[in-house]
Amino acid sequence: MIELIENTKDIDELEFINSFSHSGKPVKDLSRIKALLSDLGDPQDSLKFVHIAGTNGKGSMAQMFSEVFQCAGLKTGLFTSPYIISYTDRIKINGIDIPKPALAKMAKRVKAVTDMHCDRENFSQFEITTAIAFLYFAEENCDIVVLETGLGGLLDSTNVIKTPVLTVIGSVDFDHTAILGDTLEKIAYQKAGIIKPHCPCVLSAGNDMKVIRTVREQAVRNLSQLVIPDIKQLKLISCDVFGSKFEFKGQPYEVTMGGAHQVLNAMSVISGIRLINDTLKIPQDKILEGIKKAQLQGRVQILSREPLLILDGAHNPDGLSALAGVLEHCPKRPCYAVMGMCRDKNITEAVKKLIPYVDKFYTVDGFSDRAETASDLADIITNAGGRAEQSPKPALEMARQLINENPHGVNLICGSLFLCAQVLNEMKDI
Numbered sequence: 017m018i019e020l021i022e023n024t025k026d027i028d029e030l031e032f033i034n035s036f037s038h039s040g041k042p043v044k045d046l047s048r049i050k051a052l053l054s055d056l057g058d059p060q061d062s063l064k065f066v067h068i069a070g071t072n073g074k075g076s077m078a079q080m081f082s083e084v085f086q087c088a089g090l091k092t093g094l095f096t097s098p099y100i101i102s103y104t105d106r107i108k109i110n111g112i113d114i115p116k117p118a119l120a121k122m123a124k125r126v127k128a129v130t131d132m133h134c135d136r137e138n139f140s141q142f143e144i145t146t147a148i149a150f151l152y153f154a155e156e157n158c159d160i161v162v163l164e165t166g167l168g169g170l171l172d173s174t175n176v177i178k179t180p181v182l183t184v185i186g187s188v189d190f191d192h193t194a195i196l197g198d199t200l201e202k203i204a205y206q207k208a209g210i211i212k213p214h215c216p217c218v219l220s221a222g223n224d225m226k227v228i229r230t231v232r233e234q235a236v237r238n239l240s241q242l243v244i245p246d247i248k249q250l251k252l253i254s255c256d257v258f259g260s261k262f263e264f265k266g267q268p269y270e271v272t273m274g275g276a277h278q279v280l281n282a283m284s285v286i287s288g289i290r291l292i293n294d295t296l297k298i299p300q301d302k303i304l305e306g307i308k309k310a311q312l313q314g315r316v317q318i319l320s321r322e323p324l325l326i327l328d329g330a331h332n333p334d335g336l337s338a339l340a341g342v343l344e345h346c347p348k349r350p351c352y353a354v355m356g357m358c359r360d361k362n363i364t365e366a367v368k369k370l371i372p373y374v375d376k377f378y379t380v381d382g383f384s385d386r387a388e389t390a391s392d393l394a395d396i397i398t399n400a401g402g403r404a405e406q407s408p409k410p411a412l413e414m415a416r417q418l419i420n421e422n423p424h425g426v427n428l429i430c431g432s433l434f435l436c437a438q439v440l441n442e443m444k445d446i
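Numbering (the working numbering), first residue to last: 17 to 446.
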């Protein structure tokens with residue numbers, strides 16, 4: 017372990033983090049993050065983790081696990097990505113963002129180590145952030161940490177942890193295919209890379225058989241118990257844009273995040289807690305309470321009930337299919353959507369999921385340097401069979417116009433988490 021210089025001069029923590037590239041030098045293994053954490057004293061080795069991967073649903077499940085653990089009185093760390101409003105969003109303890117002084121302190125420690133590495137420029141922002149989070153959670157003596165992967169799983173820097181108490185894999189679909197592979201099997205193999213020897217794993221219900229086979233193979237290889245929640249043991253009582261009530265294995269539950277897909281996410285969380293509850297001993301009423309309390313920014317987020325305005329960051333076909341399911345359960349009409357998407361997504365297949373439920377799209381850009389142009393996005397939607405035009409106003413202004421013109425219908429801002437971040441930050445500044 018390298019001795020750290022605690023009296024390093026004050027640094028701007030975000031400037032330090034932003035000095036690294038978004039993706040860093042491509043990795044073939046985890047040796048780089050292992051070396052960094054080793055020099056920091058391997059803070060992750062003192063922590064217990066629930067490790068979550070998946071194309072969609074991992075953020076919602078992470079929030080549910082975090083709330084359940086907090087309701088049970090456990091000091092709970094939560095690491096998620098990307099951030100929505102502030103960088104500190106992604107590192108929390110008991111639902112509270114990492115304080116700026118603590119972030120600066122941890123960044124200073126990481127900087128002291130990276131400055132000694134001859135390959136400093138190879139690190140990615142995510143690797144640096146992961147190290148900062150582990151240091152913070154360890155210093156604060158968290159009882160348990162809910163850890164969400166950034167991209168994939170096998171080569172994700174969070175996968176440096178040795179023995180999580182539980183791994184969870186959500187919905188697996190096509191996304192980031194240039195990195196994770198162009199088949200469901202290849203993508204599932206990357207996600208299943210978080211499975212560790214003798215560590216129980218939950219795979220969300222509703223996945224393709226190709227995904228199930230791939231994950232099962234990894235579980236068998238690692239002698240890990242694999243549980244897939246049985247959809248036959250689900251009784252859906254009610255479901256709308258504001259949440260759902262259901263029974264699972266005879267027990268009643270309620271989620272307050274909209275959409276039937278959140279019921280599947282909750283089933284995975286419930287199944288996961290049952291797998292490890294011999295150790296944690298969380299009472300059933302605390303599981304119920306935590307599942308109900310869980311909320312997540314930018315995922316079927318209700319910005320206004322009357323008139324109805326929904327914000328959702330789903331950005332791939334599977335995610336927009338889930339959003340379509342939300343709209344299907346919403347009797348209000350017409351539905352107008354302000355939409356922006358990143359050009360590296362499967363836009364055509366994604367928008368096809370929404371077109372049957374949206375009467376007209378108003379397309380926007382400018383929320384990310386990866387954003388598809390508003391005019392090209394409108395053309396893609398039109399060619400896919402929808403009605404679309406380039407928005408004459410920025411997203412939030414256009415949404416406000418729509419709720420005035422469509423007070424009894426559904427109004428939607430959707431297509432990208434970056435767009436959600438822009439909207440929420442603009443609302444915060446008003």
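Glycine included, each C-beta is placed from N, C-alpha and C at the ideal position.
Check: Considering only residues of the same chain and omitting the five flanking positions on each side of Ser254, which have a CB-CB separation below 7 Å?
Finding: Answer for Ser254: Ser260, Lys261, listed in chain order.
Next item on the list: Return the residue from the list Glu164, Phe264, Val231, Pro408 that minimises the CA-CA distance to Gln241.
Entry: Answer by Cα proximity: Val231.
Next item on the list: Could you say if the stretch 44-51 and the stretch 267-280 meet the contact criterion of at least three C-beta pairs nearer than 8 Å?
Entry: Result no; under three Cβ-Cβ pairs closer than 8 Å.
Next item on the list: Identify which residue in Ser140, Val367, Leu435 has its Cα closest to the Cα of Asp381.
Entry: Nearest in C-alpha terms to Asp381, of all of Ser140, Val367, Leu435, is Leu435.
Margin query: Using a 10 Å radius around the Cβ and a threshold of 16 neighbouring Cβ atoms, would you call Met357 buried or exposed?
Written below: The Cβ neighbour count for Met357, taken over all protein chains shown within 10 Å, is at least 16; the residue is labelled buried.
Next item on the list: Using only alpha-carbon positions, find the residue among Cys87, Asp105, Gly275, Leu252 that is nearest to Phe264.
Entry: When each option's Cα is compared against that of Phe264, the closest is Leu252.
Note to self: Bridge partners for Ile100 per DSSP, in chain order?
What the structure shows: None; Ile100 has no bridge partner.
Checklist line | Nearest residue (CA-CA) to Leu163, options Val66, Arg359, Thr193, Ser220 | finding: Considering only alpha carbons, the answer is Val66.
Next item on the list: From the DSSP output, in three-state form, read off Leu280 for me.
Entry: In the three-state DSSP reduction, Leu280 falls in the helix class (H, G or I).
Check: Should Val426 go down as buried or exposed, given a rule of 16 or more other Cβ atoms within 10 Å for buried?
Finding: Under this definition Val426 is a buried residue.
Notebook entry, point to check: Apart from the five residues just before and just after Asn110, which ones in its own chain have a Cβ nearer than 7 Å to its Cβ?
Noted result: Excluding its 5 nearest sequence neighbours in each direction, Asn110 has C-beta neighbours in its own chain below 7 Å: Gln86, Lys91, Thr92, listed in chain order.
Note to self: Using C-beta distances below 7 Å, list every residue in its chain close to Thr183, excluding the 5 sequence neighbours before and after it, in chain order.
What the structure shows: The answer, listed in chain order, is His67, Ile210, Ile211, Lys212, Cys215, Cys217.
Item checked: Boundaries (first-last residue) of the beta strand (DSSP E) holding Pro268 -> For Pro268, the enclosing beta strand (DSSP E) has its first and last residue at 267-271.
Notebook entry, point to check: For Met141 versus His38, is the C-beta spacing smaller than 7 Å?
Noted result: Going by the sequence as given, residue 141 is Gln instead of Met. Contact: yes.
Check: Identify the residues that DSSP records as bridge partners of Glu405: which are they?
Finding: Answer is Tyr378, bridged to Glu405.
Notebook entry, point to check: Exposed or buried, Lys124, counting other C-beta atoms within 10 Å across all chains shown (16 or more means buried)?
Noted result: When all chains shown are included, Lys124 counts as buried.
Notebook entry, point to check: Do Gly341 and Gly275 come within 7 Å of each other at the CB atom, strictly closer than that value?
Noted result: Contact flag set, yes.
Item checked: Reference Ser407; option with closest CA among Gly401, Asn399, Asp392, Ala400 -> The residue with the shortest Cα to Cα distance from Ser407 is Asp392.
Margin query: Going by C-alpha to C-alpha distance, which of Asp189, Ala120, Leu196 sits closest to Ala366?
Written below: The candidate whose alpha carbon is nearest that of Ala366 is Asp189.
Check: Looking at C-alpha atoms only, which residue of Val257, Ile228, Asp334 is the closest neighbour of Val243?
Finding: The shortest C-alpha separation from Val243 is found at Ile228.
Notebook entry, point to check: At a cut of 8 Å, does the stretch 99-106 reach the stretch 192-201 through at least three beta carbon pairs?
Noted result: Touching, no.
Margin query: What would DSSP say about Ala355, mapped onto helix, strand or coil?
Written below: Going by the sequence as given, residue 355 is Met instead of Ala. Of the three classes helix, strand and coil, the one that applies to Met355 here is strand, per DSSP.
Margin query: Would Leu418 and Val439 qualify as a contact pair, given that the criterion is a beta-carbon distance under 7 Å?
Written below: No, they are not a contact pair.
Next item on the list: Look at the Cβ atom of Gln79, then the Cβ atom of Leu312, and state whether they are nearer than 7 Å.
Entry: Note that the C-beta distance between Gln79 and Leu312 is below 7 Å.
Next item on the list: Kindly list the residues whose CB is nearer than 6 Å to the CB of Ile397, restricted to its own chain and excluding five residues on each side of it in sequence; keep chain order.
Entry: Beyond the five residues adjoining it in sequence on each side, Ile397 comes within less than 6 Å, by CB distance, of Val367, Phe377, Ala404 in the same chain, given in chain order.
Note to self: Taking 6 Å as the limit between beta carbons, can you name the residues of its chain near Lys226, skipping five residues before and five after?
What the structure shows: Counting only Cβ-Cβ distances below 6 Å, and skipping sequence neighbours, we find Leu200, Glu201.
Margin query: Considering only the alpha carbon of each residue, which of Ala88, Gly75, Leu250 lies closest to Gly306?
Written below: Considering only alpha carbons, the answer is Ala88.
Item checked: Assigned secondary structure, Lys108 (DSSP; H/G/I helix, E/B strand, else coil) -> The answer is strand: DSSP assigns Lys108 an E or B state.
Margin query: Any contact between the stretch 328-342 and the stretch 115-124? By contact I mean 3 or more CB pairs, one from each, below 8 Å.
Written below: Counting Cβ pairs under 8 Å, fewer than three are found: no touch.
Notebook entry, point to check: What's the gap between the Cα of Gly73 and the Cα of Val181?
Noted result: The C-alpha of Val181 is placed about 20 Å away from the C-alpha of Gly73.
Check: What does a CB cutoff of less than 7 Å around Ile239 pick up in its chain, not counting 5 residues either side in sequence?
Finding: In the sequence under discussion, the amino acid at residue 239 is Leu, which differs from the Ile named in the question. Pro213, His214.
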